[in-house]
Amino acid sequence: MQAPDPFLQREILGGEFRILDKIGTGGMGSVYRASQPAMSRTVAIKILHPQLALRKDLISRFRREARAMSQLTHPNTVKVFMYGQLEGDNSLYIVMEHLEGQNLSRLVKREGPLSVPRAIAILVQVCGALQEAHEKGIVHRDLKPENIFLCRNGGLQDFPKVLDFGLAKITETEMRPGSIQLTQEGMVFGTPEFMSPEQAQGKILDHRSDIYSLAIILYEALTTKLPFRAQTPMDYLQKHVLEPPIPLDSRVPNLVFPPGLGQVIERALAKQREARFGSALEFAEALRPYAELYSQRLPSQPPSHRASAPTAPPALSQQPAPQPQRRFLELALVAAVFLLMGVALTAVALRYVIR
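Mapping of the sequence shown onto numbering that gives the first Met the number 0: position 205 corresponds to residue 204, and the numbering continues sequentially without gaps.
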């Protein structure tokens, strides 16, 4: 029989928060929904397993990276309110904004391939969040669809929030089947499907590793498939390092993409990081022209992977309404025609009577 969760319905941090229920759990801890009465808001609290607090190196790294994460202000980055260690068992915790919606992985699984404008509109916003983090020296290291959360914001339905910035090394990871732990000492977790070649080889990472991972996320959102055919985690790692990605245009039959989009993604997936886009902002600028089609599409139009301009309405609807004077003349002309026809018919009838 499983032991009851010791945090449920418990007040922590001197009664500032009351834990309501568990949102999810992972290999290194759990995430809870909690209320903060003083602020009249609901928050999410991530609590790591108590045994992790026994490692001083993890504590210092957690504090350093949580402090950096709390300074991120981009609207597409999940907000961090506070962090530290709980009284009693010294468990590490981090308090964040509570989000309602679904992650990108669930959206694609439920709806299938996203339209080009919709997918890129999401990814361009994620690039903005990455740009701010990279400028502050934070590399995500575990970008994947599960870490891009879509919610509503001011009427926008697909408003992404990037989760777990800078904490991929030390917090729980929603691992896909087959995900592996790369290094025990560094507690570095990764998802092979989305790793850059340098990450697969255990090299030191910089911001361009995130750009590679983001390109794979976009590729999967557009096709529901990954740019490599592999069966095991090790297969994916080898293909990231050794094999070129399958071209976007040939990955799925009957899916047609705008000219040039495949080349943009291919550059972001270059094996050598020097050949990729130099920044997330540069990647976003290369994608932005395709996203602009999204704002031009009417809400009633079905999604399409074709890069076509919005269809013009029928010519009849574009004709101006008749002016009153012109309308009067038209009616007078019609009346005259009928009058002449009546006279002609009367003449014919009279001739018939006279005969």
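Cβ coordinates follow ideal geometry from the N, Cα and C atoms, glycine included.
Predicted model, so just to flag it, every value in this text is computed and none were measured.
ask   = Ala285 to Ala279, Cα distance in whole Å?
value = 10 Å
query = Are the region 121–130 and the region 60–70 in contact at 8 Å, needing three or more beta carbon pairs?
reply = no
key: Closest Cα partner of Ser208 within the set Thr223, Thr190, Leu221 and Lys224   = The residue with the shortest Cα to Cα distance from Ser208 is Thr190.
request  = List the whole-angstrom C-beta distance separating Ile121 from Phe164, where the pair is believed to meet the contact cut-off of C-beta under 8 Å.
outcome  = With a Cβ gap of about 17 Å, Ile121 and Phe164 do not count as contacting.
message = Threshold first: 4 residues or longer. Then list the alpha helix (DSSP H) segments lying entirely within the region 110–142, N to C.
response = Secondary structure within the region 110–142: the alpha helix (DSSP H) runs of 4 or more consecutive residues, fully enclosed, are 115–134 (chain order).
inquiry  = Helix, strand or coil for Asn75? Go by DSSP, reduced to three states.
reply    = Coil, per DSSP.
inquiry  = Can you tell me whether Thr222 is helix, strand or coil according to DSSP?
reply    = helix
task = From the DSSP output, in three-state form, read off Leu85 for me.
result = coil
key: Sequence-distant residues of the same chain with beta carbon closer than 6 Å to Gly177, five excluded per side   = Low per-residue confidence applies at Gly177: pLDDT is 46, beneath 50, and the placement is therefore not dependable enough to give any value.
One or two residues paired with Pro43 in a DSSP bridge = Per the sequence presented here, residue 43 reads as Ala, with Pro not at that position. DSSP lists Arg32 and Met95 as partners of Ala43.
query = Helix or strand or just coil, what does DSSP make of Pro298?
reply = Reliability of the predicted coordinates at Pro298 is poor, the pLDDT of 41 falling under 50, and the value obtained from them is presented with this limitation in mind. Reduced to three states, the DSSP call for Pro298 is coil.
query = Going by the CB atoms, is the gap between Glu99 and Cys150 shorter than 8 Å?
reply = yes
task = Classify Ile11 as buried or exposed, calling it buried when 16 or more other Cβ atoms lie within 10 Å of its own Cβ.
result = Answer is buried; the Cβ neighbour count reaches 16.
key: Endpoints, the alpha helix (DSSP H) within which Val255 is located   = Counting along the chain, no alpha helix (DSSP H) covers Val255, and no H or E run does either.
key: Residue nearest to Asp56 in terms of C-alpha spacing, selected from Leu254, Leu91, Phe256 and Asn75   = Leu91
query = Would you say the region 42–51 touches the region 25–33, given that touching needs at least three Cβ pairs under 8 Å?
reply = yes
ask   = Based on the DSSP secondary-structure assignment, which residues constitute the bridge partners of Asn152?
value = DSSP output for Asn152 lists Leu155 as bridge partner(s).
ask   = Near Pro323, what residues of its chain come up, given a Cβ to Cβ distance below 7 Å and the 5 sequence neighbours on each side ignored?
value = Reliability fails at Pro323, whose pLDDT of 44 lies under 50, so the model's placement of it is uncertain and the value that follows must be treated cautiously. Nothing listed; no residue qualifies.
inquiry  = Check for me: the beta strand (DSSP E) holding Ile18 runs from which residue to which?
reply    = Phe16 to Gly25
inquiry  = Could you check whether Glu131 and Leu53 sit closer than 8 Å to each other, using their CB atoms as the reference points?
reply    = no
ask   = Is Ile390 helix, strand or coil when you go by DSSP?
value = This structure cannot settle anything about residue 390, because the visible part of the chain is limited to 0 through 354.
task = Note down, in chain order, each residue of its chain lying with its Cβ closer than 7 Å to the Cβ of Ala2, except the 5 sequence neighbours on either side.
result = Nothing meets the Cβ criterion.
ask   = How about Lys78 and Glu96: do their beta carbons lie closer than 8 Å?
value = yes
ask   = Among Asn75, Thr76, Tyr82 and Pro74, which residue has its Cα nearest to the Cα of Arg60?
value = Cα-wise, what sits closest to Arg60 is Tyr82.
inquiry  = Between which two residues does the beta strand (DSSP E) holding Gln200 run?
reply    = Here Gln200 belongs to no beta strand (DSSP E), and DSSP marks it neither H nor E.
message = Judging by CA-CA distance, which residue of Thr222, Gln262 and Ala214 is the nearest neighbour of Arg250?
response = If we check each option's Cα against that of Arg250, Thr222 comes out closest.
query = Among Gln230, Ala220 and Pro196, which one has its Cα closest to the Cα of Pro243?
reply = Checked all of Gln230, Ala220 and Pro196; the closest Cα to Pro243 is Pro196.
ask   = Taking the Cβ atom as the reference point for each residue, do Leu103 and Ala220 lie within a distance shorter than 8 Å?
value = For the pair Leu103 and Ala220, the CB atoms are nearer than the 8 Å cut-off.
inquiry  = Buried or exposed, going by whether 16 or more other CB atoms sit within 10 Å of the CB of Ser39?
reply    = In summary, Ser39 is exposed, with fewer than 16 beta-carbon neighbours lying within 10 Å of its beta-carbon over all protein chains present.
ask   = For Ser212 versus Phe227, is the C-beta distance shorter than 8 Å?
value = no
ask   = How many angstroms separate the CA atom of His239 from the CA atom of Val94?
value = 35 Å
For Glu15, the nearest candidate out of Phe80, Ile203 and Asp4 (CA to CA) = Phe80
task = Just tell me which of Pro49, Pro116, Gly23 and Phe158 has its CA closest to the CA of Arg287.
result = In this structure, Pro116 is the residue among Pro49, Pro116, Gly23 and Phe158 with its C-alpha nearest to the C-alpha of Arg287.
task = Pull up the DSSP beta-bridge partners for Gln271, would you.
result = None; Gln271 has no bridge partner.
As assigned by DSSP and simplified to three states, the class of Thr172 = In this prediction, Thr172 scores a pLDDT of 34, lower than 50, which makes its location untrustworthy; no coordinate-derived value is stated.
query = Terminal residues of the continuous alpha helix (DSSP H) containing Gln237?
reply = For Gln237, the enclosing alpha helix (DSSP H) has its first and last residue at Pro232 to Leu241.
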